[in-house]
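Below is one structure, written out as structure tokens, with a few remarks after it.
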Amino acid sequence: MHRFQAILSSHSQGRKPWDKIVCESESFVAFPSLGSMVAGWLLIVPRRPLLNLRLLTNVERSELHNFISTVVAKVDAFPGRAYAFEHGNDTIGGPVGCGVDQAHLHIVPLEFDLLKAAREKLDDNMQWTDHDNAANFDATIPDFGEYVSIWSPGDRHGLTGVMREPRSQWVRRVIAEKLGREQAWDYKAHPDIQNLTKTVEVFHTA
0 MHRFQAILSS
10 HSQGRKPWDK
20 IVCESESFVA
30 FPSLGSMVAG
40 WLLIVPRRPL
50 LNLRLLTNVE
60 RSELHNFIST
70 VVAKVDAFPG
80 RAYAFEHGND
90 TIGGPVGCGV
100 DQAHLHIVPL
110 EFDLLKAARE
120 KLDDNMQWTD
130 HDNAANFDAT
140 IPDFGEYVSI
150 WSPGDRHGLT
160 GVMREPRSQW
170 VRRVIAEKLG
180 REQAWDYKAH
190 PDIQNLTKTV
200 EVFHTA
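At position 95 of the sequence shown the residue is numbered 94 (numbering that gives the first Met the number 0), and the sequence of numbers has no breaks.
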């Protein structure tokens with residue numbers, strides 16, 4: 000059982016106060032992310048079990064694209080530009096999945112260029128591909144392997160990183176470094192409850 004199941008369930012048992020769905024569609028839900036280094040950080044999670052977003056059907060991919068647009072419009076209430084990223088796990092129990100064997104897409108507002116920060120991160124373990132005109136997040140997902148996908152909905156630029164060796168929470172490490180909070184990349188050790196609470200308050204008073 001992955002930890003998102005309590006949130007996806009219609010029952011409130013097992014939910015934390017901040018585990019509240021703020022937006023949903025037929026196949027996806029969005030809720031605040033544990034370890035939110037900034038307020039407004041959300042996760043989009045498929046309702047059905049999936050290891051990564053590469054496994055979505057074509058119909059689900061189209062729905063996800065529309066749902067991302069809806070969620071990003073809501074995230075505009077927070078400072079910065081919204082970015083979408085996925086740590087694409089390819090192995091049950093693997094480190095890339097951040098300890099959760101369920102596909103999830105991060106939507107996070109940032110006041111710096113996440114694509115630029117990722118490119119500038121010196122890491123021989125990552126093989127990068129740039130996407131200058133990625134019409135949707137789907138365009139950044141590779142056909143195989145453990146991966147990191149980053150997409151900027153505002154200008155449709157994207158970046159795909161294929162890992163030679165799996166590593167946990169790669170993009171979160173980049174964000175933590177840029178925010179001057181190098182140790183905060185680990186959401187288990189740094190849940191950032193204050194930002195979670197602020198996110199819920201803003202969404203439920205909008």
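All C-beta atoms, glycine included, are put in the ideal place defined by N, C-alpha and C.
Keep in mind that this is a model prediction, so the values were computed, not measured.
For Trp17, the three-state secondary structure derived from DSSP is coil. Distance from the Cα of Trp169 is smallest, within the candidate group Glu145, Gly157 and Thr90, for Glu145.
The C-beta of Gly179 has fewer than 16 other C-beta atoms within 10 Å across all chains shown, which makes the residue exposed.
The region 68–84 makes contact with the region 145–156: 3 or more CB pairs, one atom from each, lie closer than 8 Å. The Cβ atoms of Trp184 and Arg166 lie no closer than 8 Å to each other. The region 189–205 and the region 32–40 touch, with no fewer than 3 CB-CB distances between them shorter than 8 Å. Restricted to the region 77–117, the beta strand (DSSP E) segments that are unbroken, complete and at least 3 residues in length are 80–87 and 104–109, listed in chain order. In the three-state reduction of the DSSP assignment, His189 falls in the coil class. Taking every protein chain shown into account, the CB of Ala134 has fewer than 16 other CB atoms within 10 angstroms, so this residue is exposed. Note that the C-beta distance between Arg46 and Val28 is below 8 Å. Taking C-beta atoms as the reference points, Gln101 and Pro48 count as a pair closer than 8 Å. Just measuring C-alpha positions, the residue of Asn88, Arg163, Glu110 and Asp112 sitting nearest Asp122 is Arg163. Partner residues in the beta bridge of Val28, as assigned by DSSP, are Glu23 and Val44. Between Ile20 and the set Ser35, Gly34 and Phe3, the nearest pair of CA atoms involves Phe3. In the three-state reduction of the DSSP assignment, Ile140 falls in the coil class. Leu104 and Leu55 have their C-alpha atoms some 12 Å from each other. For Val37, the three-state secondary structure derived from DSSP is coil.
In its chain, beyond the 5 residues on either side, Gly153 have a beta carbon closer than 6 Å to the beta carbon of Arg80.
Cβ neighbours of Val70 within its own chain (closer than 7 Å, five residues either side excluded): Cys22, Ala29, Leu41, Ile43 and Ile106.
Assigned with DSSP and collapsed to three states, Ser167 falls in coil, not helix or strand.
Taken through DSSP and simplified to helix, strand or coil, Leu121 comes out as coil.
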